[in-house]
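Enquirer:
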Ligand SMILES: [Ca+2]
Ligand SMILES: [Ca+2]
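Residue numbers (my numbering): 798 to 1138.
#1: According to the neighbour-count rule (16 or more other Cβ atoms, all chains shown, within 10 Å of its Cβ), is residue 934 buried or exposed?
#2: Which residue wins for smallest C-alpha separation from residue 940, given the options 1007, 1081, 862, 817?
#3: Do residue 968 and residue 1035 have their C-beta atoms closer together than 9 Å?
#4: How would you write the range of the alpha helix (DSSP H) that residue 867 sits in, first residue to last?
#5: From 1031, 1079, 945, 869, pick the residue whose C-alpha is nearest to that of residue 1014; which is it?
#6: My guess is that residue 876 and residue 814 are in contact by the Cβ rule of under 8 Å, so how many angstroms apart are they, rounded?
#7: Would you tell me roughly how many angstroms separate the C-alpha atoms of residue 1043 and residue 867, rounded to the nearest one?
#8: Helix, strand or coil: how does DSSP classify residue 1121 here?
#9: Evaluate contact between the stretch 909 to 924 and the stretch 1015 to 1023, counting only Cβ atoms and requiring at least three cross-stretch pairs below 8 Å.
#10: Using a threshold of 8 Å, is the CB atom of residue 846 nearer than that to any non-hydrogen atom of ligand 2?
#11: Could you compute how far the alpha carbon of residue 923 sits from the alpha carbon of residue 882?
#12: Quick one: what's residue 960 bridged to in DSSP?
#13: Quick one: give me the first and last residue of the alpha helix (DSSP H) that residue 1130 is part of.
#14: Does the Cβ of residue 817 have 16 or more other Cβ atoms within 10 Å, making it buried, or fewer, making it exposed?
#15: Run the proximity test for residue 958: is its beta-carbon closer than 8 Å to any non-hydrogen atom belonging to ligand 2?
#16: What does DSSP give as the partner residue(s) for residue 858 in the beta ladder?
#17: Which term fits residue 998, buried or exposed, when burial requires 16 or more other beta carbons within 10 angstroms of its beta carbon?
#18: For residue 925 and residue 1127, I'd like the C-alpha separation in whole angstroms.
As structure tokens, this is what we get:
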């Protein structure tokens, strides 16, 4: 990847909106998504094989896959595009379907983007609006909405297929304090309370405005991503590590419940495996199920699980852990004597 990046030829200008449209178009896919900007008709980043033609070589749709774009720039957005999206973050988004099992297990799941601080503003066709365009709509309408919602600082309470933005400003600052994590947190709190507002980034053009960097920050805030400012290679490395780390850590759960073969139902319990790649740790959770009266099953008690393996298994030193003795072709205890040398 680094070789590919280094082979790119720099050209004048920083057409960030065009770049965002191209990336968003790549993620927009469905047979019936024709009205969406740049909708694709072959291949899909939401499938196990993104290059597979559709629908003839149908590879499995990964309904829980979380997608991010990392947008780096050393300059100020100065390229307008012919497509106007309007004030996307200033208006509520379209309602999206909620999958019953997702809704049962995530009570705070929200079925649409709601225009409010710190996301909304009164300006149209800003970088944040283009980012929001690929956030508020379901980018894969034929794929069930099973992206796990995120809460906390990375608030992203939506389950439809959408695109998050990690944006990196190289040596450039906006008007709003956002150079450090603490500054960004404080600024977000003030935006949320209404004591601060997003400034007007203006149109594309070649005007250099600090407000355009605020817009870069705004694009990340609107999409459950993160903005970083990097003034040297060390800070850039740190920003990229944080972005990739956050993206992979947030893509952590619900692989099993997403409808692949990882879910096994037995009697009235549904077992859901999960795995958090950032800490190499997994769990197994059991949910009580009840008949929905129509031949299907529903969760019996909302988000409450019946048991969780991490809470009922004994401490690690009290567990029976076995491995395989290759020479003896027998199981043996997980001790140094048994491990291969
Ligand atoms: Ca706006
Ligand atoms: Ca969908």
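Ideal Cβ positions, reconstructed from N, Cα and C, are used throughout, including at glycine.
Expert: Based on what the coordinates show:
#1: With 16 or more Cβ atoms within 10 Å of its Cβ, residue 934 is classed as buried.
#2: Ranking the options by Cα distance to residue 940, first place goes to 862.
#3: No; because the gap between Cβ atoms is not below 9 Å, this pair is not in contact.
#4: Careful: residue 867 lies outside any alpha helix (DSSP H), inside the beta strand (DSSP E) at 864 to 870.
#5: For the residues 1031, 1079, 945, 869, the minimum Cα distance to residue 1014 belongs to 869.
#6: Rounded, the Cβ-Cβ distance is 6 Å, consistent with contact.
#7: Just so you know, the alpha carbons of residue 1043 and residue 867 end up roughly 12 Å apart.
#8: Of the three classes helix, strand and coil, the one that applies to residue 1121 here is strand, per DSSP.
#9: Result yes; three or more Cβ-Cβ pairs closer than 8 Å.
#10: Not so, every heavy atom of ligand 2 lies at least 8 Å from the Cβ.
#11: About 9 Å.
#12: DSSP output for residue 960 lists 864 as bridge partner(s).
#13: In this chain, residue 1130 is not harboured by any alpha helix (DSSP H); it is covered by the beta strand (DSSP E) spanning 1127 to 1130.
#14: That one is buried.
#15: Yes, since a heavy atom of ligand 2 falls inside the 8 Å radius drawn around the Cβ of residue 958.
#16: According to DSSP, residue 858 bridges with 844.
#17: When all chains shown are included, residue 998 counts as buried.
#18: Looking at the two C-alpha atoms, the distance is approximately 60 Å.
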